[in-house]
Each structure stands twice: as structure tokens, then as C-alpha cells.
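Enquirer: Here the protein sequences come in this chain order: A and B.
Going by the working numbering, the first sequence opens with residue 63, and the numbers climb by one from there.
Going by the working numbering, the second sequence opens with residue 44, and the numbers climb by one from there.
First the structure, which I've put down as C-alpha cells, then a few questions once you've had a look.
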Amino acid sequence: MAKGARDWGGASAGNRWAEFPAECVRRKGWPSLVAGHGNPPSLPHVTPQSMLARVRFLAAALAPLVLTPLLFLPVLRSGSPPAPLARAVLPQESLSPGHCTWYCHNHGCPHHPVLPSALSGDDGLFGWTVEALHSGGDALSPRTPGVGYGAVNLAVFCAAWPAGMYALWLVALQQRRRIRGLRARRRAGAA
Amino acid sequence: MFRLGFAVYAACVDFMLHAASLFGMTYRDANALLFFVVWPAVTLGLLLVVVWQAFVLRRLR
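Structure (C-alpha cells):
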């Protein structure tokens with residue numbers, strides 16, 4: 063028997079299914095079911111419903127990866143003038159009384175916040191988080207604190223946290239599929 | 044690598060500035076709302092769903 067092939071119970075009898083996984087890989091397709099050769103006991107039964115369920119699962123798994131840029135880009139291009147997709151230098155914009163500009167990012171926002179100061183104030187969660195990010199940035203890159211701040215910011219809010227949320231999303235989808243499968247099996251067993 | 048990181052960071056700040064402008068908020072408000080309200084709520088919601096599903100799976104097995 064070829065390496066990696068499973069014994070379907072008929073290898074000694076010359077059953078062609080004995081080499082089934084290896085044959086699948088070699089042919090890159092489903093081997094024809096020839097009468098008299100016997101079916102392996104654990105072949106997946108592919109129905110239109112199960113195919114649809116797989117497509118739905120894949121679509122749901124990929125949805126956050128597709129929807130995020132679809133939401134991100136229109137917002138990014140919504141201003142006048144629209145923001146460029148890739149900046150090379152930190153923009154130096156002037157203070158605008160009506161709305162926030164890069165001035166608010168570079169020098170601190172002088173506009174009156176809508177949310178309570180416990181969330182968006184300097185002595186609230188916002189100020190505490192910015193301080194923590196600066197401390198992390200200083201520890202990471204003491205000579206260039208601005209670079210360290212940006213790197214820690216990206217690591218936390220663009221990589222680690224979104225990755226954690228996406229992992230939870232995938233686990234939830236996987237468990238949902240398992241629950242549905244177990245319930246369907248139970249129903250079929252009861253019937 | 045630095046250029047890419049900077050471009051992503053600047054795009055994220057641009058996104059927050061435009062989102063704040065769209066919703067009539069300040070840059071601070073948009074940051075606070077997204078990172079201290081929406082994301083924690085979504086994370087907690089997903090965590091609760093995963094724990095509940097694990098409980099249901101245990102019962103079904």
C-alpha cells in the first residue's frame with residue numbers, strides 16, 4: 063500500500079479503493095465508481111445541500127476579510143479632498159474649527175468631545191491608552207519614540223486585537239457547524 | 044517595512060478622521076467609540092457565543 067494511503071478493508075483482496083487517498087491526489091479528482099469495486103466505508107456523501115453549506119461556511123469565514131476593506135475604502139475616500147491610499151510623510155494640516163484634521167492627531171484635539179470624559183478625556187480611557195502606547199513605543203524603540211508608538215499602535219489595534227476577534231469568529235462558525243451536524247444526526251437517529 | 048507600516052498607520056488615522064467627520068464627532072470620540080465601546084462589545088459578544096456553543100456541544104455529546 064502506498065505511503066499515506068488508508069486501508070479501506072480490501073487491500074489484500076486487490077480492491078482499488080485501498081489506494082483511494084493517493085489515487086485522489088494523483089488524479090486530482092474523484093475516481094469513478096466502478097460497479098464491483100466496492101465503496102469505501104467512510105466516503106463523504108456530497109449532496110447539493112452539503113455543498114451549499116460548505117459555500118456558506120466559506121463565505122461567512124471570509125466575510126470579515128472582504129467587508130473590512132469594502133467599508134474602509136469608501137470612508138477613506140469620502141472627504142474633500144479624499145485621503146490618499148498610501149502616505150509617505152506625516153501630514154501637517156492646520157486646525158479647522160468645524161471638524162478634526164491631522165492637526166488633532168499631531169497636536170491633540172482641541173474640539174469639544176461628545177462622549178463623556180471618562181472615555182475620551184485626557185484623564186479618561188483615551189488618555190490612559192495613548193500614554194500606555196507611548197510607554198510601549200518608548201520601550202520598543204527608545205531612540206525613535208514616534209516610530210515605536212506607531213508600531214505598538216499597529217500591533218495592538220491593527221494586528222493582535224482584530225486577529226483575536228477573527229479567531230473567535232472562526233471558532234464560532236466551526237462550533238455552529240458542529241452543533242448543526244450533531245442536531246441533524248440526532249434528528250435522523252430519532253426518525 | 045517601515046514605509047508599509049507608516050502607510051497603514053496613516054490610512055487608519057485618515058479613516059478615523061473621516062469617520063469622525065461623517066458622524067459629526069471629534070477624532071477622540073471616534074477613537075474612543077470604536078476601541079472602547081464597539082470592539083470590546085463585539086469581542087465580548089463573540090466570546091459569549093463561543094462559550095455558549097461549547098456548552099451546547101458538551102451537552103449534545
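All C-beta atoms, glycine included, are put in the ideal place defined by N, C-alpha and C.
Keep in mind the model is a prediction, meaning the values are calculated, not measured.
So, does the CB of Ala50/B fall closer than 9 Å to a CB anywhere in chain A?
Expert: Taking Cβ atoms only, chain A reaches closer than 9 Å to Ala50/B, which makes this a yes.
Enquirer: Taking only three categories from DSSP, how would you classify Thr109/A?
Expert: Coil, per DSSP.
Enquirer: Beta carbon of Val176/A, beta carbon of Thr69/B: below 9 Å?
Expert: A contact, by the Cβ cut-off of 9 Å.
Enquirer: Over what stretch of residues does the alpha helix (DSSP H) that includes Leu90/B continue unbroken?
Expert: That run of the alpha helix (DSSP H) goes Trp82 to Leu103.
Enquirer: Between the beta-carbon of Ser112/A and the beta-carbon of Arg71/B, is there less than 9 Å?
Expert: No, Cβ-Cβ distance for Ser112/A and Arg71/B is not below 9 Å.
Enquirer: Could you tell me the alpha carbon to alpha carbon distance between Ala122/A and Leu235/A, rounded to whole angstroms?
Expert: Taking the straight line from one Cα to the other gives about 8 Å.
Enquirer: Is Ala148/A helix, strand or coil when you go by DSSP?
Expert: Coil at Ala148/A, not helix or strand.
Enquirer: Excluding the 5 residues flanking Leu157/A on each side, which residues of the same chain have their C-beta closer than 6 Å to its C-beta?
Expert: If we look at Leu157/A and ignore the five residues flanking it on each side, its Cβ neighbours are Tyr165.
Enquirer: Val81/B versus chain A: which residues are under 9 Å apart at the beta carbon?
Expert: Result: empty, since nearest Cβ-Cβ is about 11 Å, beyond 9 Å.
Enquirer: What does Trp231/A touch in chain B if you count any residue whose Cβ is under 8 Å from its own?
Expert: Ordered by position in chain B, the residues that pass the 8 Å Cβ test against Trp231/A are Leu89.
Enquirer: How is Pro126/A classed by DSSP in three states: helix, strand or coil?
Expert: Helix, per DSSP.
Enquirer: On the three-state DSSP scale, how would you describe Glu155/A?
Expert: Coil, per DSSP.
Enquirer: Residues in the same chain with beta-carbon distance under 6 Å from Thr163/A, minus the five sequence neighbours each way, listed in chain order, please.
Expert: These residues qualify, in order along the chain: Glu155.
Enquirer: Please state whether DSSP places Pro175/A in a helix, a strand or coil.
Expert: In the structure shown, Pro175/A sits in coil (DSSP, three-state: anything other than H, G, I, E or B).
Enquirer: Would you verify that the beta carbon of Met227/A is, or is not, closer than 9 Å to some beta carbon of chain B?
Expert: Yes - at least one Cβ of chain B is within 9 Å of the one on Met227/A.
Enquirer: Quick test of the definition: if touching needs 3 or more C-beta pairs under 8 Å, does the region 94 to 103 of chain B touch the region 232 to 246 of chain A?
Expert: Yes: at least three Cβ pairs fall under 8 Å.
Enquirer: Would the beta-carbon of His167/A fall within 9 Å of that of Val56/B?
Expert: Yes, Cβ-Cβ distance for His167/A and Val56/B is below 9 Å.
Enquirer: Tell me whether Gly160/A is buried or exposed, calling it buried when 16 or more other Cβ atoms sit within 10 Å of its Cβ.
Expert: Classification of Gly160/A: exposed, given that the 10 Å Cβ count is below 16.
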